[in-house]
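J.: Protein chains in written order, with our numbering: chain V, -3 to 337; chain E, -3 to 337. Even glycine gets a Cβ: it sits at the ideal position worked out from N, Cα and C. Model, not experiment: these values are computed from the prediction.
2 protein chains.
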Amino acid sequence: MLKSITRLVFGVLCWTALAAAHDREWLPLPAAPPEPADNPTTPGKVALGKALFFDPRFSPGGATSCNTCHDLMNGGADDRPLPPQQAPARNAPTVWNAAFHTLQRWDGRATSLEEQTRIALTDRAEMALPGTTVMLQRLRAIPGYRALFAAAFAGKAPVTIDNAVKALAAYERTLVTPDAPYDRYVKGEKRALSDEQIRGMETFAAIGCVKCHAGPTFDGATLSNGRGLLMKSPTYARAKVVAKYRLLKDRGRFELTKHPGDDHLWRVPTLRNLLYTAPYFHNGAVPTLEEAVRVMAKTELDQNLVDSDVNAIVAFLGALSGGFPEQTLPRLPPGTGMLPR
Amino acid sequence: MLKSITRLVFGVLCWTALAAAHDREWLPLPAAPPEPADNPTTPGKVALGKALFFDPRFSPGGATSCNTCHDLMNGGADDRPLPPQQAPARNAPTVWNAAFHTLQRWDGRATSLEEQTRIALTDRAEMALPGTTVMLQRLRAIPGYRALFAAAFAGKAPVTIDNAVKALAAYERTLVTPDAPYDRYVKGEKRALSDEQIRGMETFAAIGCVKCHAGPTFDGATLSNGRGLLMKSPTYARAKVVAKYRLLKDRGRFELTKHPGDDHLWRVPTLRNLLYTAPYFHNGAVPTLEEAVRVMAKTELDQNLVDSDVNAIVAFLGALSGGFPEQTLPRLPPGTGMLPR
C-alpha cells in the first residue's frame, strides 16, 4: 500500500518535472559540477583518481582499466555494443559529464559518483576481481600508491577502498565538456550553430524529445526530491523497430528490483557527445545516430520522422558533442612484478 | 658450408664488438633517434601514429590497443609476465626508446621500427585480427582517419597498411627518455647520481655486465654491419636459477629459424626504465630487479654477487629509469557503431 502511494507520488512528481522541463530555457553546461560536502575536489585526490582510472592492474588479467570501457580518448566510452563480462550486459555510458547526473548507471541504481564508483570497483561484474580484499592487496603491492593516497587523504592508513572511491569520483568531476558548440550558442555566440543545427534544436523541442532529454546534460529533469528521471522505454512497444533492435529483452530497472512497476524503466541517458559514443541504446544495438533518432521518435513519441527532420536533429545533437579539455597521461606508479590474486 | 662461414664471421664480429664495447665510454641517450630516409618524422605522421597507437578498434574485441601491452603510462610495458595470445608468448618489452634499437623483438627478427610495427599489425598472434583486409576495413570505417592519413601522406588513397606502419614508427620515434639521471650524470651533472649509484655503475662495468649491455640504451653493441647484438642466454645453463625460472624452455631465435646455431639466442634487451617494467626476462618469470641482477650475474657471468653489489647495481639501473616526457591523450576519431569483422 505504501509502495503504491510512493509510486503514485513519484508519478505525479515526474509529470510536474516534465511539464517544467518543457517550458524550461536552454541551459549550458556549468563549468564545474556540484560536489558532495564530504568529498570536496582537491588536486591530490584528482591526481590519485586519475592514476587509478587509467591503471589496468585492478582487473584479473592486469589489462583492463576504467579507461578501457570509458575511454576518454573515444568519447568516454567504447565502440563495443556490450562489454564482455556484465550481467545484464549494457552499453558502456560515457564518463564525460557523468558528474552532472543525478542518477548513475542505466538502471539508475546509484545516485552519486561515489556510489557508482564503489559499484564499479567492487562488483564482480565490473572490474571482476574476486573482492575488495584482493583489490586492496594490489593497491598496497604498488609502493607508489602509498604516497599518492597520503598526498590526497589525511590519516595514518589512507590506502582504503573508501578513499579510492572518493579519489575516482573527484577525478571524474574534472571530466566535463562545457564548451560544446551548443554551450557557446546558448551563452550568446550566435554563429556557433549552423542554420540546420538551429532548426534541429527547434524540431527537437517541438516534437517532444525535450520532455525527457532536458537540462544541461539532456539527461532529464531533476525531480523535486533531487533525483534524476527514470522513464519507461519503449513507450510504444509494438513498433517494428522494438523487435528489430530487441528493445524489450532487457527489462531495465526491473532486473535489479524485480518490482513490476520498474519494468522497462531506464535512466534517461545524456545526449552529450553522442557523435563519439556509437553504438546506441542500453544494448548497443543501434549503430548510427540517424537510426537512433528515428527509433526514439517511433518508440517514445509514436512519430515517423521525415529525413530532413532526422538530419536536422542529428546536426543539433552534433552541436552537443565535443569541447573535450586536453588530458595528459598520468604516470602510473611502478609495480613489483607480481599482482596478488 | 656458406652458413658455417657466415656464422664464423658473425662470431668474430661479435667478439670485436664486445671488445670495443668494453672500452667504450658511457654514452647518454641522443635527444632524437635515427630515422630512415624513406620515413622522415613529420607532425602529421606523429599525430596519426599516436591515434593508431592508442586505438583499441583494431583488435577483435575492440578493447586492445598497442598501448594495452606497451602502456606509456606504465613504463611502456605492462605488469603481466606474458601476454595472453602470443605463441611463443614473451614478456612485452617497453616501447620507450625502441627507436634506438637496431634489433626489435626478443628474437631480433625485425631490424627497424617499420618492420616491427608491420609484424605487430599483421601477425595474428599480436593484434589478432584475421588479416590486413579486416584491419583496412576497420580503418576505412572510421571516417576521421581519412583526414589524418591525408594530412600525413601524399597520394590519392593514403589509407594503407604501409602508411599506418610508417605513422606508427614515426610516433614511436618520439617516445624517448633522454633525461634520466644517468644521462644527466654522463653529460656533466655530477650530482645526478648518488654515491651508491656511481658504485653500482662501476660494479656493472667491472663484473662484465657492460660486455653485452653497452651503448646509450644498454641493449648491446651495434655490430659493424649496423645490426644489433644477439647473445646466447643462459650461458651457464646448469645454474639452479635456470631451472627455477624455466629459462631454457623457450629457445629464443631458434623458435623462429629452427637453425641449431640460433638455439637460445636472444636480442640483448635494453636496461632503460627497468624500474617500470617488472616482471623481467623473456618469460616474465623474475619479479624483482634484485633477483634479475642476481640471475643474470649467475647465468651469464657465473658470479654469485654479494648483497651490497646487487643493491648498488639496482641503484644504478634505477638511474637509467625515467625522464618520460609528458604525453597528452590523442582524441580518437569517432566510429560509426560497427566494427567490420
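Going along the chain, which residues of its own chain have a beta-carbon closer than 6 Å to the beta-carbon of L25(E), five neighbours each way excluded?
T.: Your numbering for residue 25(E) matches position 29 in the second sequence. Around L25(E): P174, D179 and P212.
J.: Return helix, strand or coil for G248(E), following the three-state DSSP convention.
T.: Along the second sequence, one-based indexing puts residue 248(E) at 252. Correct three-state label for G248(E): strand.
J.: Step through the CB atoms of chain V and report whether any lies within less than 8 Å of the CB of V206(E).
T.: Within the second sequence, residue 206(E) is the residue found at index 210, counting from 1. With 8 Å as the cut-off, V206(E) does not count as an interface residue toward chain V.
J.: Kindly indicate which three-state DSSP category D67(E) falls into: helix, strand or coil?
T.: Your numbering for residue 67(E) matches position 71 in the second sequence. In the three-state scheme derived from DSSP, where H, G and I count as helix and E and B as strand, D67(E) is classed as strand.
J.: V42(V): which of A160(V), R86(V) and F54(V) sits nearest, CA to CA?
T.: Translated into positions along the first sequence, residue 42(V) becomes position 46. For the residues A160(V), R86(V) and F54(V), the minimum Cα distance to V42(V) belongs to A160(V).
J.: Taking Y167(E) as the query, report the chain V residues whose CB atoms sit under 9 Å from its CB, ordered along the chain.
T.: In the second sequence, the residue the question calls residue 167(E) occupies position 171. Neighbours of Y167(E) in chain V, taken as residues at a C-beta separation under 9 Å, are lacking, since the least C-beta distance is about 14 Å.
J.: With DSSP as the reference, label L23(V) as helix, strand or coil.
T.: Stepping through the first sequence from its first residue, residue 23(V) is reached at position 27. Residue state, collapsed to three classes: coil.
J.: Along chain E, which residues have their Cβ under 9 Å away from the Cβ of G45(V)?
T.: The residue you call residue 45(V) lines up with position 49 of the first sequence. None at all; the shortest Cβ gap to chain E is about 14 Å.
J.: Got a sec? Which residues, its chain only, sit under 7 Å from N70(V) by beta carbon, not counting five neighbours each side?
T.: Taking the first sequence and counting its residues from 1, one reaches residue 70(V) at position 74. Excluding positions up to five away in sequence, the list reads Y272.
J.: Show which residues of chain E have a CB atom less than 8 Å away from the CB atom of E286(V).
T.: Against the first sequence, residue 286(V) aligns to sequence position 290. Listed along chain E, no residue sits closer than 8 Å to E286(V) by beta-carbon distance, the nearest being about 11 Å off.
J.: Quick check on the DSSP output: the alpha helix (DSSP H) that includes L44(E) runs from which residue to which?
T.: Here residue 44(E) refers to the residue found at position 48 when the second sequence is read from its first residue. P39 to F50 is the extent of the alpha helix (DSSP H) around L44(E).
J.: With distance defined between alpha-carbon atoms, name the residue in A281(V), D51(V), W102(V) and D34(V) nearest to R249(V).
T.: As a working mapping, residue 249(V) is identified with position 253 in the first sequence. Cα-wise, what sits closest to R249(V) is W102(V).
J.: Under 7 Å Cβ-Cβ, which residues of chain V neighbour S50(E)?
T.: Counting from 1 along the second sequence, the entry for residue 50(E) is found at position 54. Before going further, note that residue 50(E) is Phe rather than Ser in the sequence given. Within 7 Å Cβ-Cβ: M69.
J.: With DSSP as the reference, label Q112(E) as helix, strand or coil.
T.: Here residue 112(E) corresponds to residue number 116 of the second sequence, with the count starting at 1. If DSSP states are grouped into helix, strand and coil, Q112(E) belongs with the helices.
J.: Measuring only between beta-carbons, confirm whether F320(V) sits less than 8 Å from chain E.
T.: As a position in the first sequence, residue 320(V) is number 324, starting the count at 1. Closer than 8 Å to some Cβ of chain E, the Cβ of F320(V) qualifies, so yes.
J.: Output the distance between the C-alpha atoms of A85(V) and P321(V), rounded to the nearest integer angstrom.
T.: Within the first sequence, the letter at position 89 stands for residue 85(V). Within the first sequence, the letter at position 325 stands for residue 321(V). Taken atom to atom, the span from the alpha-carbon of A85(V) to that of P321(V) is near 30 Å.
J.: When you compare the CB of Q323(V) with every CB in chain E, is at least one pair closer than 8 Å?
T.: Indexing the first sequence from 1 puts residue 323(V) at position 327. So, interface residue.
J.: If you pair each beta-carbon of the region 225 to 232 of chain V with each one of the region 255 to 265 of chain V, do three or more pairs fall below 8 Å?
T.: yes
J.: Any beta carbon from chain V within less than 8 Å of P326(E)'s own beta carbon?
T.: As a first step, residue 326(E) must be located in the second sequence, where it is residue number 330. Chain V, which has a Cβ nearer than 8 Å to the Cβ of P326(E), makes this yes.
J.: For P275(E), return the contacting residues in chain V, with the cut-off set at a CB-CB distance below 9 Å.
T.: Here residue 275(E) refers to the residue found at position 279 when the second sequence is read from its first residue. Those within 9 Å of P275(E) in chain V are G331, T332, G333 and M334.
J.: So which of L270(E), S190(E), L109(E) and G333(E) has the shortest CA-CA distance to A166(E)?
T.: Taking the second sequence and counting its residues from 1, one reaches residue 166(E) at position 170. Measuring from the Cα of A166(E), the nearest candidate turns out to be L109(E).
J.: Where A47(E) and R136(E) are concerned, what is the direct C-alpha to C-alpha distance, given to the nearest angstrom?
T.: Here residue 47(E) corresponds to residue number 51 of the second sequence, with the count starting at 1. Here residue 136(E) corresponds to residue number 140 of the second sequence, with the count starting at 1. One C-alpha to the other measures close to 14 Å.
J.: Looking at M131(E) and I115(E), is the spacing between their C-beta atoms short of 8 Å?
T.: What you label residue 115(E) is simply residue 119 of the second sequence in a count that begins at 1. What you label residue 131(E) is simply residue 135 of the second sequence in a count that begins at 1. For I115(E) and M131(E), no; Cβs fall outside 8 Å.
J.: Can you find the residues in the same chain that come closer than 6 Å, C-beta to C-beta, to Y276(E), ignoring five residues on each side of it along the sequence?
T.: Residue 276(E) sits at position 280 when you count from the first residue of the second sequence. For Y276(E), where only same-chain residues beyond five positions count, the Cβ hits under 6 Å are V282 and A288.
J.: Could you tell me the alpha carbon to alpha carbon distance between P89(E) and T284(V), rounded to whole angstroms?
T.: For this step, residue 89(E) is matched to residue 93 along the second sequence. For this step, residue 284(V) is matched to residue 288 along the first sequence. Each residue's alpha carbon lies about 39 Å from the other.
J.: Starting from K236(E), trace the alpha helix (DSSP H) in both directions and tell me its first and last residue.
T.: Walking along the second sequence from the start, residue 236(E) turns up at place 240. The continuous alpha helix (DSSP H) containing K236(E) extends over residues K236 to K240.
J.: Can you tell me which of the three DSSP states V264(E) falls into?
T.: The count along the second sequence starts at 1 and reaches residue 264(E) at position 268. In this structure, V264(E) counts as coil in the three-state DSSP scheme.
J.: E40(V): which of D67(V), R76(V) and A163(V) sits nearest, CA to CA?
T.: Position 44 of the first sequence, counted from the first residue, corresponds to residue 40(V). Just to set this straight, residue 40(V) is Gly in the shown sequence, not Glu. Of the listed residues, the one whose Cα sits closest to G40(V) is A163(V).
J.: I'd like to know whether the C-beta of A311(E) is nearer than 8 Å to at least one C-beta of chain V.
T.: Taking the second sequence and counting its residues from 1, the one referred to as residue 311(E) is at position 315. Not one chain V Cβ lies under 8 Å of A311(E).
J.: Name the residue from G222(V), G280(V) and H255(V) whose alpha carbon lies nearest to the alpha carbon of L243(V).
T.: Locating residue 243(V) in the first sequence gives position 247, counting from the first residue. Answer by Cα proximity: G280(V).
J.: Using 10 angstroms around the beta-carbon of S55(E), count the other beta-carbons present and answer buried if the total reaches 16, otherwise exposed.
T.: Position 59 of the second sequence, counted from the first residue, corresponds to residue 55(E). Per the 10 Å Cβ criterion, buried.
J.: In this structure, how does DSSP classify K162(V) when only helix, strand and coil are distinguished?
T.: In the first sequence, residue 162(V) corresponds to position 166, counting from 1. Helix, per DSSP.
J.: Is any beta-carbon of chain E found at less than 8 Å from that of D74(V)?
T.: In the first sequence, the residue the question calls residue 74(V) occupies position 78. It does: the Cβ of D74(V) has a partner Cβ on chain E nearer than 8 Å.
J.: Is there at least one Cβ from chain V nearer than 8 Å to G57(E)'s Cβ?
T.: The residue labelled residue 57(E) in the question sits at position 61 within the second sequence. At least one chain V Cβ lies under 8 Å of G57(E).
J.: If we cut at 8 Å on Cβ distances, does T64(E) have a partner in chain V?
T.: Walking along the second sequence from the start, residue 64(E) turns up at place 68. Cβ-Cβ to chain V under 8 Å: yes for T64(E).
J.: For R53(E), which residues in chain V fall below 7 Å Cβ to Cβ?
T.: Residue numbering aside, residue 53(E) sits at position 57 when the second sequence is read from its first letter. Within 7 Å Cβ-Cβ: D75.
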